[in-house]
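In our numbering, the protein residues as written are 571 to 710. What follows is a short report on a single structure.
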């Protein structure tokens, strides 16, 4: 093999030596400017308005990026497998699904009061058959 492919081995060796020398030159260069710190890089990202926190992992129906808040399964129930084992053992998993529903209900009630609905609570319960009939009469 070494007698038949001598020229190919010489070319491969020359390419490897060139790559090694190039990597050393690029790695061990003298810096002309001061390297930015992580704080300076973070401030620059904030000024430019880039997306700062990491995005949720694919396949997770997440509403938060915090490590102590579980991702949601497709049916809406929280999955404890998306939280670190240490936090699960300590019982430090936050469940924000009920808090989110309460916040949403309060928001709907405030918007109903602001828009002048008689029964702002009926908007949070959804439109039933009686309220659908009332809406059609009010539209006339």
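Even glycine gets a Cβ: it sits at the ideal position worked out from N, Cα and C.
Each residue's CA atom was taken as its position, placing residue 649 and residue 658 some 11 Å apart. Sixteen is the threshold: since fewer than 16 other Cβ atoms of the shown chains lie within 10 Å of the Cβ of residue 644, the residue is exposed. Inter-residue distance for residue 661 and residue 647 is about 17 Å (C-alpha atoms, whole angstroms). Annotated three-state conformation of residue 674 is helix, per DSSP. Where residue 652 is concerned, there is no enclosing alpha helix (DSSP H), because DSSP gives it neither an H nor an E. In the structure shown, residue 642 falls within a strand segment according to DSSP collapsed to helix, strand and coil.
Rounded to whole angstroms, the separation of the alpha carbons of residue 618 and residue 600 is 29 Å.
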